[in-house]
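Accompanying notes for the structure given below.
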Amino acid sequence: MSEAAAVRRFATWNVNSLAVRLPQVLDWLAANPVEALVLQETKLTDDKFPYAEIEAAGYAVSFFGQKTYNGVALLSREPHEDVVMNIPGFADEQARVITGTVGGVRVIGGYFPNGQAPDSEKFVYKMAWLQALRDVVQQELAAHPKLILMGDFNIAPEDRDVYDPIAWAGQIHCTPEERAHFQGLIGLGLTDAFRLFEQAAKSWSWWDYRNLAFRKNQGLRIDHILVSEALRGLVQACSIDKLPRKNERPSDHAPVVVTLA
DNA sequence: ATGACTCCCAGTGGGAGA
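Anchor point for the first sequence: position 202 equals 882 in our numbering, and the numbering is continuous, going up by one each time.
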């Protein structure tokens with residue numbers, strides 16, 4: 681077995697338009713070879729998806745998108761199998777989930793609903809979507825003990841994941857209802873890989889484009905990698921890569937990477 | 001400060017994101 685195959689890395693990145701960010705994604709993959717990468721907010725209909733460019737970079741890719749909003753993709757160094765789009769049994773016009781098996785690991789990539797505001801219809805949708813996701817993750821876990829659920833959760837699990845928890849208290853991403861759903865996923869036997877390790881205080885995965893938020897490090901940790909019990913003992917590292925946020929025309933999110941033995 | 005930016009589809013503005 682080669683040295684490269686001895687360590688396995690899986691990553692998630694909300695790219696906020698793959699049409700704009702494709703060069704950055706290819707540059708990032710060249711510098712950060714991974715076994716699999718899930719993307720959110722591709723914002724591309726399938727006929728416009730740049731699969732040829734991604735395959736030329738050495739990655740198999742499945743994708744599922746729509747115009748303007750949402751859209752997800754699964755990239756893997758080796759071909760992946762048993763791909764499922766969205767949540768079976770949950771009727772949804774929005775392209776938010778892509779699942780596939782990569783080297784024996786079931787990978788679920790999700791772009792969780794934003795929810796807009798706790799008193800909005802979009803929050804009601806977010807709650808229903810989260811419940812449906814929990815059910816399908818539970819089913820997937822029963823069939824695939826080695827499982828990673830990762831993506832843009834649009835939930836800051838704890839106050840330490842928020843730059844100003846007082847100002848954000850009860851606001852979208854920080855409501856008790858959203859946090860309870862996050863804990864519901866943890867309750868399935870999943871572990872927040874980032875918190876398996878000592879991390880710098882004020883570690884965020886998203887910074888608002890406005891108000892010099894990145895420069896001032898005012899952000900939220902809302903992009904997560906959850907690993908199943910069968911994988912937990914193999915996790916060697918988990919980190920947020922802030923470098924792409926320093927690019928020109930960056931996504932507002934940074935990639936999150938987990939390393940397995 | 002109920003803002004600030006960026007993306008998109010639209011089209012000379014507005015919705016959504018988080």
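We treat Cβ as the ideally placed atom computed from N, Cα and C, and that holds for glycine. Just so you know, these numbers come straight off a predicted model, no measurement behind them.
With residue i as the anchor, note down where its alpha helix (DSSP H) starts and where it stops.
i, result
"L870", "Run containing L870: none; DSSP gives neither H nor E here."
"D707", "698-711"
"A732", "731-736"
Just how far apart, CA to CA, sit residue i and residue j?
i, j, result
"F833", "K728", "25 Å"
"A934", "G769", "31 Å"
"N897", "D903", "16 Å"
"F803", "F862", "15 Å"
"Q796", "I835", "12 Å"
"P837", "A812", "19 Å"
"E878", "R901", "15 Å"
"W848", "R929", "27 Å"
"E761", "S885", "29 Å"
"V937", "A873", "9 Å"
"Y791", "K826", "21 Å"
"A823", "S919", "28 Å"
"G783", "L870", "19 Å"
So if DSSP puts residue i in a beta bridge, which residue, or which two residues, is it bridged to?
i, result
"T779", "V764, I788"
"W809", "BP columns for W809 are empty, so no partner."
"V842", "L900"
"V936", "T692, I920"
"D888", "Paired residue(s): none; D888 is not in a bridge."
"V907", "I828, T871"
"A753", "L719, F743"
Looking at the secondary structure, which residues open and close the beta strand (DSSP E) in which residue i lies?
i, result
"V718", "716-720"
"W693", "688-694"
Residue i and residue j: beta carbons closer than 8 Å?
i, j, result
"T855", "P798", "yes"
"L868", "L821", "yes"
"T722", "G745", "yes"
"F743", "V714", "no"
"Q720", "N927", "no"
"R912", "L865", "no"
Within a Cβ cutoff of 7 Å, which residues of the same chain sit near residue i, ignoring the five residues on either side of it in sequence?
i, result
"V816", "I767, P768"
"E735", "V741"
Which residues in the same chain have their Cβ closer than 6 Å to the Cβ of residue i, if we skip the five residues on either side of it in sequence?
i, result
"L698", "T722, L724"
"A764", "According to the sequence as given, residue 764 is Val; it is not Ala. Same-chain partners within the cutoff: T779."
Please go through the same chain and pick out, in chain order, the residues whose beta-carbon is closer than 8 Å to the beta-carbon of residue i, but skip the five residues on each side of it.
i, result
"A737", "L706, L709, A710"
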